[in-house]
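A quick write-up on the structure given underneath.
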């Protein structure tokens, strides 16, 4: 991809990600009389909707936006208990596993990734020091934030892609999908329970993201990418420490985080995975923090979560590969893909 095209693509993604947040900041400011930091969370469903629109088209993206709007208040309430929170994430992982049959798991897994933040550490409202997870007005606002955040990209992206061919989805066999589903459901359910049972790990959504993003489907090898991710995490955490020691403005921290995420995306589109991992760590730490102290703490938690998540995914992958070899040696018949063979690729419109 030419450099100019990569830059245009990155700028488009950034604008589509920030636009819903800007809209909701204005709306909440006009409605409550003060800017609400929680309104910036509209960027989370925006990222999910962009991925959904690219993968499955407008209708799929709209459905995803509505689902996230309905689940956002459910996640906030469920996060009060480790059991209810883990159960909700288990249900979402089962859905992601089902979508793997049709090749939509890469976009679908972003739903539990983003909702894990609302589940584990929802944003405060109206300058409150703590979050009242049962406040009806707060839950309605968060649902609206997620709805608008998802709908805007869901409607805009297909328009921008109207002259591009539909995405070619890579379907998976029933055996691959079942193995993948068991893997992510087990890892994420246990991980969610542990995080919610240890409230000091307020950045625990990083662990959920690592487990979902890194978990392979089929017998894909993930050990090498995991090592690169771990190295990149260490280097990125050093950048976080340097930022906190030199910058005393939270607004400047957000701006630096935005620049870092653009550099990370450029590296991703250029095939430079190591650079991507290095800059994504400080970018997420900067953009998810509400105080300067949190920037440093999120950086440290990201390191631990990547290490733990990487080890768990490698162990689960080795078990999955071992099961695949065992099934082949025992003469397990190949599956007829009657469910996905007649699948018609969705139109981006």
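Numbering (our numbering), first residue to last: 2 to 350.
Using N, Cα and C, we set each Cβ at its ideal position, and we do this for glycine too.
Computed from a predicted structure; not experimentally measured.
In this structure, 194 is the residue among 322, 194, 255 and 117 with its C-alpha nearest to the C-alpha of residue 84. Take the alpha-carbon of residue 176 and the one of residue 101: they are about 11 Å apart. For residue 71, the closest C-alpha among the options 204, 53 and 147 is that of 147. 8 Å or more divides the Cβ of residue 208 from the Cβ of residue 314. Excluding its 5 nearest sequence neighbours in each direction, residue 126 has C-beta neighbours in its own chain below 6 Å: 39 and 139, listed in chain order. Here residue 132 carries a coil assignment [DSSP, helix/strand/coil]. In the DSSP assignment, residue 86 falls within the alpha helix (DSSP H) that extends over 83 to 100. For residue 108, the uninterrupted alpha helix (DSSP H) run begins and ends at 106 to 109, by DSSP. Spatial neighbours of residue 229 in its own chain (CB-CB distance under 8 Å, excluding positions within 5 residues in sequence) are listed in chain order as 274, 275 and 278.
Going by C-alpha positions, residue 181 is about 43 Å away from residue 30. DSSP places residue 216 outside both helix and strand once states are collapsed to three, so it counts as coil. Shown here for residue 41: same chain residues with a beta carbon closer than 7 Å to its own, the five before and five after excluded, namely 22 and 26 in chain order.
Between the stretch 96 to 111 and the stretch 50 to 58 there are three or more C-beta pairs closer than 8 Å, enough to call the two in contact. DSSP places residue 249 outside both helix and strand once states are collapsed to three, so it counts as coil.
Boundaries of the alpha helix (DSSP H) around residue 138: 137 to 161.
Non-local beta-carbon contacts of residue 45 in its own chain, meaning distances under 6 Å to residues more than five positions away in sequence, involve 115 in chain order. For the 8 Å CB-CB criterion, residue 118 and residue 32 do not form a contact. Look at the beta carbons and you see the stretch 92 to 99 not touching the stretch 149 to 163: under three pairs across the two are nearer than 8 Å. When only Cα atoms are considered, residue 142 and residue 81 end up about 19 Å apart. Annotation: the continuous alpha helix (DSSP H) that includes residue 192 extends over 175 to 197. Membership of residue 165 in any alpha helix (DSSP H) is not indicated, and neither H nor E is assigned to it by DSSP.
One alpha carbon belongs to residue 128, the other to residue 153, and they sit about 27 Å apart.
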